[in-house]
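Student: My questions all concern the structure below.
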Amino acid sequence: MNHGKMNPKGIAGLYTAAALLRLILFVFFPALPDLLTGRVEISTPVTSFKRLQEGLFLYNHNVSPYDGGVYHQAPLLLPLFSLLPDPSAYPIFAYLLYIVVDLLSADALYKIAESGEASTSRLFTSARKERRWSGYVVAALFLLNPFTIATCMARPTNVFTTCAIVHAIAQAIHGNPFTAMLALSFATYLSMYPVLLFPPLILLAYDRQHTSNKPSSLMQFAGINVGVVTLCLSVLLLGSYLLTGSWEFLASTYGIQLTLTDLTPNVGLWWYFFVEMFDSFRAFFLAVFWLHLSCYVGGLSIRIRPQPLAVLTILLGIFAIFKPYPSIADTNLFLAMLPLFRYVFPLMRYTFVAASTVLYSTFLGPAFYYLWIYAGSGNANFFYAITLVWSLGQSLLVSDLTFAILRDEWEVERPDMVGKEIRQI
11 MNHGKMNPKG IAGLYTAAAL LRLILFVFFP ALPDLLTGRV EISTPVTSFK RLQEGLFLYN
71 HNVSPYDGGV YHQAPLLLPL FSLLPDPSAY PIFAYLLYIV VDLLSADALY KIAESGEAST
131 SRLFTSARKE RRWSGYVVAA LFLLNPFTIA TCMARPTNVF TTCAIVHAIA QAIHGNPFTA
191 MLALSFATYL SMYPVLLFPP LILLAYDRQH TSNKPSSLMQ FAGINVGVVT LCLSVLLLGS
251 YLLTGSWEFL ASTYGIQLTL TDLTPNVGLW WYFFVEMFDS FRAFFLAVFW LHLSCYVGGL
311 SIRIRPQPLA VLTILLGIFA IFKPYPSIAD TNLFLAMLPL FRYVFPLMRY TFVAASTVLY
371 STFLGPAFYY LWIYAGSGNA NFFYAITLVW SLGQSLLVSD LTFAILRDEW EVERPDMVGK
431 EIRQI
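Residue numbers for the sequence shown, in our numbering: 11 to 435.
Here is the structure:
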């Protein structure tokens with residue numbers, strides 16, 4: 011059911027309440043941010059706030075931040091955070107920055123939900139289009155999600171990637187392809203993998219172009235935006251070179267994701283596999299893993315062409331499972347997009363099993379990590395086993411959402427099959 015458009019006071023009240031909740035947690039539980047920053051479920055080698063502080067210290071002392079082999083994040087984050095007072099002495103300014111980023115992400119999600127693109131695109135209109143949640147509900151689910159709050163308090167840098175991705179989608183929906191490509195370029199610069207979202211984002215932006223502004227062909231439109239993304243990335247990389255004085259940041263920031271040289275445990279599937287991998291097979295399986303991650307893009311973009319927003323959401327779920335250094339922030343981005351498809355929830359078959367599996371692994375993950383690292387009564391298999399369960403829960407959600415979207419599309423094409431059982435042979 012659509013709850014209607016919320017008035018500005020209601021949205022402002024939601025944003026204020028969410029900001030106050032985060033400030034209260036920061037102020038009354040001062041040890042909690044540092045505790046969460048050290049959690050492998052939230053911080054990874056390429057997003058950790060502690061590693062950012064290490065790089066910032068070296069940068070402020072005129073030493074290359076990549077010399078220590080600890081900092082693996084984008085160079086342009088350093089001048090941004092150097093503008094803030096020392097986070098260890100005056101943490102409130104960093105807290106406020108992360109709160110603002112969360113609110114900006116929520117506002118973009120609000121605009122995406124209010125557009126109705128999930129259920130009514132240029133090439134597809136669902137028969138269940140009235141069964142959707144308002145932007146207020148979608149934004150509230152994001153802001154009040156414990157994963158969102160924990161990520162905000164741990165202060166990983168992938169919150170900036172999340173913000174850039176949702177703004178790219180929102181701008182594409184509102185017919186601003188240049189701004190969308192600019193946001194996607196920034197997300198790609200920070201985390202690399204968002205470049206795989208380019209094909210469905212192009213389709214979304216093309217579909218939402220006003221008739222008077224739309225190029226004559228999709229290929230022409232795509233070519234123009236490839237040039238925009240290339241130009242934006244070139245400017246960002248050139249700025250990084252001028253800042254650091256060398257190109258070594260490429261190997262430290264993007265090379266580590268391509269080669270997985272840092273095998274710090276995380277909630278992903280790669281680290282343990284490559285810990286056990288013989289060096290002679292390493293290059294082959296790195297290629298296989300990256301090929302697996304990227305092979306979904308073309309197939310989904312072609313098969314679900316009428317619903318590019320659905321493709322983007324499914325891909326975000328896949329990336330949260332199979333990218334080299336995932337965290338709960340990536341899962342949280344997928345969960346933030348999921349309520350946009352409220353209208354297909356009745357068609358999903360394994361919601362309870364998937365939700366139970368995710369909750370099960372959420373509570374047991376920290377316990378298994380403690381048994382391995384601190385108590386010494388377990389080993390790496392304990393933690394990796396629970397990350398497999400975590401990935402299984404996400405896989406169920408992603409596959410179930412994909413089934414529901416395809417089923418809804420099929421019922422629009424075949425109204426006589428509404429409510430009838432499907433059997434795969």
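All residues carry an ideal CB built from backbone N, CA and C; glycine is no exception.
Is it buried or exposed, F362, if we count other Cβ atoms within 10 angstroms and call 16 or more buried?
Tutor: F362 is exposed by the Cβ-count criterion.
Student: State the Cα-Cα distance for the pair S366 and F134, rounded to the nearest angstrom.
Tutor: If you take the alpha carbons of S366 and F134, they lie about 32 Å apart.
Student: Out of curiosity, what's the CA-to-CA distance linking L107 and S53?
Tutor: Each residue's alpha carbon lies about 18 Å from the other.
Student: So, with DSSP's three-state summary, where would you put T271?
Tutor: Of the three classes helix, strand and coil, the one that applies to T271 here is coil, per DSSP.
Student: Which ranges does the alpha helix (DSSP H) cover as unbroken runs of at least 4 residues, wholly within the segment 357-391, from first to last along the chain?
Tutor: If we require 4 residues or more, the alpha helix (DSSP H) runs fully inside the segment 357-391 come out as 361-380.
Student: Return the chain-ordered list of same chain residues with a C-beta closer than 8 Å to the C-beta of G388, the five sequence neighbours on each side being excluded.
Tutor: Excluding sequence neighbours, G388 sits near F378, L381 and W382.
Student: CB-CB under 8 Å to V354, same chain, minus the five flanking residues each way: which ones, in chain order?
Tutor: Once the five neighbours on either side are set aside, the close Cβ partners of V354 are S136, R138, L411, A414, I415, R417 and D418.
Student: Contact check, A339 vs N168 under 8 Å by CB: the rounded distance?
Tutor: Indeed they touch by this definition, with Cβ atoms about 5 Å apart.
Student: In the DSSP assignment, find the unbroken alpha helix (DSSP H) run with E124 in it and report its ends.
Tutor: That run of the alpha helix (DSSP H) goes I102 to S125.
Student: Give the straight-line distance between the Cα atoms of F4 and F283, rounded to the nearest whole angstrom.
Tutor: In this structure the chain extends from 11 to 435, so residue 4 is not present and cannot be described.
Student: Whole-angstrom Cβ separation of L246 and S195, contact assumed at under 8 Å?
Tutor: That belief holds up - the Cβ atoms of L246 and S195 are roughly 7 Å apart, short of 8 Å.
Student: Could you check whether L310 and I331 sit closer than 7 Å to each other, using their CB atoms as the reference points?
Tutor: No, these two residues do not count as a Cβ contact at 7 Å.
Student: Assuming the contact rule is C-beta atoms closer than 8 Å, S250 and P55 should be a hit. Round their C-beta distance to whole Å, please.
Tutor: Actually they are not in contact, since the Cβ atoms of S250 and P55 sit about 19 Å apart, beyond 8 Å.
Student: Check each candidate in F231, N276, R315 and E124 and name the one with the smallest Cα separation from Q219.
Tutor: Cα-wise, what sits closest to Q219 is F231.
Student: For the alpha helix (DSSP H) containing N70, list its first residue and its last residue.
Tutor: Unbroken alpha helix (DSSP H) run through N70: F59 to N70.
Student: Is the Cβ-Cβ distance between L68 and A346 less than 7 Å?
Tutor: Cβ distance not < 7 Å, so L68 and A346 don't count as in contact.
Student: Does the Cβ of L325 lie closer than 6 Å to at least one heavy atom of the ligand SAM?
Tutor: In the structure shown, the ligand SAM is absent, as is every other ligand, since no ligand is present at all.
Student: Taking just the CA atoms, how far does T269 sit from G79?
Tutor: If I take the Cα positions, the gap works out to 14 Å.
Student: Quick one: Cα of N405 to Cα of T263, how far?
Tutor: Note on identity: in this sequence residue 405 is Ser, with Asn being the wrong assignment. C-alpha separation (whole angstroms): 28 Å.
Student: Touch check for the segment 24-39 and the segment 154-163: three-plus C-beta pairs under 8 Å?
Tutor: In short, these stretches touch, since the Cβ pair count reaches three.
Student: Rounded to a whole number of angstroms, what is the C-alpha to C-alpha distance between I266 and V428?
Tutor: Looking at the two C-alpha atoms, the distance is approximately 49 Å.
Student: I'd like to know whether the C-beta atoms of A197 and A174 end up nearer to each other than 7 Å.
Tutor: Cβ distance < 7 Å, so A197 and A174 count as in contact.
Student: Taking the alpha carbon of E140 as the reference point, which residue from F152, A150 and E127 has its own alpha carbon closest?
Tutor: Ranking the options by Cα distance to E140, first place goes to E127.
Student: Residues in the same chain with beta-carbon distance under 7 Å from A390, minus the five sequence neighbours each way, listed in chain order, please.
Tutor: Taken in chain order, the residues that qualify are Y282 and W382.
Student: Report all residues from its chain with a CB closer than 7 Å to the CB of T171; omit the five preceding and five following residues, and keep chain order.
Tutor: Excluding sequence neighbours, T171 sits near A197, L200, S201 and P204.
Student: Spatial neighbours of T158 within its chain, please: CB distance less than 8 Å, with the 5 preceding and 5 following residues excluded, ordered by chain position.
Tutor: Once the five neighbours on either side are set aside, the close Cβ partners of T158 are D112, F152, N342 and A346.
Student: Kindly identify the DSSP beta-bridge partner or partners of T135.
Tutor: Beta-bridge pairing links T135 to T130.
Student: Can you tell me whether T57 is buried or exposed, with buried defined as 16 or more other CB within 10 angstroms of its CB?
Tutor: Under this definition T57 is a buried residue.
Student: Do P187 and V307 have their CB atoms nearer than 7 Å?
Tutor: Not in contact: P187 and V307 (Cβ atoms no closer than 7 Å).
Student: According to DSSP, is Q317 part of a helix, a strand, or is it coil?
Tutor: Coil at Q317, not helix or strand.
Student: Considering just the uninterrupted stretch of the alpha helix (DSSP H) at L33, what are its terminal residues?
Tutor: P18 to F38 is the span of the alpha helix (DSSP H), which, as asked, contains L33.
Student: Just to confirm before moving on: does the CB-CB distance between V368 and G327 stay below 7 Å?
Tutor: No; because the gap between Cβ atoms is not below 7 Å, this pair is not in contact.
Student: Mind checking D217: buried by the 16 CB within 10 Å criterion, or exposed?
Tutor: Buried, because 16 or more other Cβ atoms sit within 10 Å of the Cβ of D217.
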